[in-house]
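In this note's numbering, the protein residues as written are 60 to 1020. Since the structure comes first, as structure tokens, the remarks are kept for the end.
Now the structure itself:
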């Protein structure tokens, strides 16, 4: 009876617990974390060992930003090796939020060890390994899972895991891993167990990776290929690819001719056909070239005739142009009898009213002679004349196509300034006169005359490039702001306007436009460069910090979501997508943009939270940086930035090339290296500062995670010395003369690297001198000897540092004074701010280092004062000179901050006065005054924030005195 009563009581308790847990889950789902915490504590009062309630309490604590308490609970529960599914799921959720996915593996490893036959545990363990990318353990877990429950998906999880192992270790792919994967699939093939599309696709993938193209071709032509019948395009493309790999040219040509006759507008088939005929024919044989010309022309003509009855089909017409281009490259034009000018003109007559006409013709315009291009433009001009009383969208598109071609063929470049001005007036007037074509369109709809407004902006840009007068940049801003009022969703306007504001130094205006672009997801990586560089460099520190946080949040969220996408792919059997997700994840992890904003965000955190040494210690304690190894693999970095996103019709000679992009990439990697090494040095220096840092470390439980102790005579000093030596080597090896500087400033395309500004003066050298002082005084403090020869060395270092910072500030003040007469140039303050921000950062680092030295000398000074009091008066009752020397360095730094702040204020006043005097020369747009006020306000915000930062650093130093 007592046993039955006990069981009944246990059942009732379990029901009560489950009911109360439901309340906890609801609170967590609705974001009421405090209530969830209270409910968990109530439950734990009655049942302190209730694992699920403890874990849910940990989750509530984590969401209340009480990470340390959360991790303590998780560690305790993990040591108990729980096997309750709800507990394990809740712990997994905690570890995901903590970005400690490797802990999920150990969690389910322990669960599987306790219950080896549990299918659910094995499945979760497999998915945990998927999150961490441990392909070997994925395979073994999937095999174990298949042994427990022989289900086909588990078997193919194991096969796909082996394929991923092959990707991870290419050296053994063709000899070990891929043959093993093929052997495993052949077991199912031989027993006729292959039934689904994903299984056939995986088999095909394995054969392709082994370059077994003959077997792959047999597969898609056989019974297994019928399983893929719902993907006919995939099958045809694969057939063509395999035949090309096997060099079965005749079969391939027959197949492609058959496919083209079925689909005359499929451009991929045309490209494959041309690639085939030019790759396997003898280009030196005149008979071959003649036969090839006749055969291909006959095919293209027959396809063009067939296309005539299918409506407006572009493929056959473009195919002729593509063929002549390739034929000329291979054999010359001696046998070409067709007039390219006529072909292009015919194409224009057929498709000139389409937006795509120019982009279709652009690859072939270089084939035209000068006379042919003139004749083509003249013919198109005559055909694109507008009847202003009855302009249609199709007429406008033809007119625009003529101007696109004129710009690309350098006709606009040959116009004198008066003719160019007349062209702008004509285009701008037409833009105003065609607003009626946008009647009844939604704000989100593109306008038919949008490209005309953008063309006007590019014409103004021609004036700026020729005369280097920044007033034209202001005109571009005024024009594009007006255009955006009419077409608020046009991203081409926003992109060009964002860059124009940045070139003017009005970074607040640029940020406002950037936010209207509504950048999302991977665009943070590809387009973030539009403002990330200038936002920090032009003094908008708070805005930059907020933007960087949002961008870094994308990279974090993407990493987590990428893991879930991989898991979903395995569950759904979408094996072909797994490699794509892994590739995307690696590309984003190794993104240069990601690494740059990560380091810059840390710098901003130091810059914005440096009102006292204690605050700096707190900030550094929260930085999870591996000072011993470094966090960045520079050789693996990738440049994902999209510099081609901005629409442009300029000739090829004016466009940026791959060399410029590569140069920018290399310079930015070097900039990142210098910045990261300096940041490591500053971190290591702060970690030497004794009690203040230890106090911060005790709060955050972070200071010892990177293998660094906080004792002054321990590892920190040696680590700091090694990092400082490494930084000195890097600084000495990089100069303005050694870097590549072939990236000119431009509105469309890549901008110059920040490396050039960083190396334009002695910013890094000055910070290194402060760090040298820190190293020397730290060594003296550790030895306790402040009156030896080391004191002379320290005095010389302090004198040298004082002189360096005074000269650096004096140069900047002189520069600002010299620039006052030329401040009528609208973008002059941009170059001033770029350099002043570098100097402000330099002085911020100086303030941090002074705080470190002060904290190191403070206990030593206290001990010496104690000795002096014991000895009373006399010649021995005086502190060593090193303390006065250090105070002198603090005073010099403090004075430099004040001098720079005053100079900035004077420049700001002079600048605005000069602009007021120059305003009448601006092009008269109605919105001019409003735009000027926005630009002035942006300048005020930048200057004010820099001055505020300098004032904050001055207060910091004053707290040390």
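Just so you know, even glycine gets a beta-carbon here, dropped at the ideal spot from N, CA and C. Just so you know, these numbers come straight off a predicted model, no measurement behind them.
Nearest residue (CA-CA) to residue i, options the options
i: residue 332; options: 373, 305 and 299; result: 299
i: residue 681; options: 692, 289 and 668; result: 668
i: residue 188; options: 132, 373, 589 and 151; result: 151
i: residue 236; options: 224, 246, 964 and 244; result: 224
i: residue 959; options: 484, 1013 and 912; result: 1013
i: residue 356; options: 410, 1002 and 336; result: 336
i: residue 200; options: 572, 80 and 186; result: 186
i: residue 777; options: 798, 888, 796 and 837; result: 837
i: residue 191; options: 663, 162, 542 and 171; result: 162
i: residue 339; options: 484, 127, 831 and 305; result: 305
i: residue 205; options: 217, 543, 195 and 900; result: 217
Burial state of residue i (16 or more Cβ within 10 Å)
i: residue 915; result: buried
i: residue 71; result: Annotation note: pLDDT 43 at residue 71 (below 50); position unreliable, coordinate value reported separately. Exposed, by the Cβ-count rule.
i: residue 1018; result: exposed
i: residue 903; result: buried
i: residue 108; result: exposed
i: residue 650; result: buried
i: residue 487; result: buried
i: residue 37; result: In the structure as shown, the chain begins at 60 and stops at 1020. Residue 37 is therefore absent and cannot be evaluated.
i: residue 391; result: exposed
i: residue 78; result: exposed
i: residue 652; result: buried
i: residue 141; result: buried
i: residue 828; result: buried
i: residue 245; result: exposed
i: residue 616; result: exposed
i: residue 1008; result: buried
i: residue 795; result: exposed
i: residue 412; result: buried
Collapsed DSSP secondary structure at residue i in the structure displayed
i: residue 697; result: strand
i: residue 650; result: strand
i: residue 870; result: helix
i: residue 962; result: helix
i: residue 98; result: helix
i: residue 113; result: helix
i: residue 838; result: helix
i: residue 682; result: coil
i: residue 371; result: coil
i: residue 715; result: coil
i: residue 914; result: helix
i: residue 103; result: helix
i: residue 313; result: helix
i: residue 1015; result: helix
i: residue 978; result: In this predicted model, residue 978 has a pLDDT of only 48, less than 50, meaning its place in the structure is not dependable enough to derive any value.
i: residue 1066; result: Examination of residue 1066 is not possible in this model, given that the chain is present from 60 through 1020 alone.
i: residue 448; result: coil
i: residue 271; result: coil
i: residue 503; result: coil
Span of the alpha helix (DSSP H) around residue i
i: residue 610; result: 600 to 631
i: residue 406; result: 399 to 410
i: residue 514; result: 509 to 526
i: residue 702; result: Taken as a continuous stretch (DSSP letters only), residue 702 belongs to no alpha helix (DSSP H), as it is neither H nor E.
i: residue 582; result: 582 to 585
i: residue 197; result: 194 to 207
i: residue 299; result: 291 to 304
i: residue 245; result: 237 to 249
i: residue 183; result: 178 to 191
i: residue 329; result: 326 to 338
i: residue 438; result: 429 to 442
i: residue 212; result: 211 to 227
Sequence ranges, alpha helix (DSSP H) only - wholly within the stretch 530 to 574, length at least 4
If we require 4 residues or more, the alpha helix (DSSP H) runs fully inside the stretch 530 to 574 come out as 530 to 545 and 550 to 563.
Which ranges would you report for the alpha helix (DSSP H) in the stretch 805 to 831 if only whole runs of at least 4 residues count?
814 to 817
Going along the chain, which unbroken runs of the alpha helix (DSSP H) with 4 or more residues stay wholly within the stretch 457 to 500?
Listed in chain order, the alpha helix (DSSP H) runs fully inside the stretch 457 to 500 are 476 to 492, counting runs of at least 4 residues.
Those runs of the beta strand (DSSP E) which lie wholly inside the stretch 717 to 749 and span at least 3 residues:
Counting only runs of at least 3 residues, the stretch 717 to 749 fully encloses no beta strand (DSSP E) element at all.
What are the complete alpha helix (DSSP H) segments, minimum 4 residues, inside the stretch 127 to 186?
144 to 156 and 160 to 173
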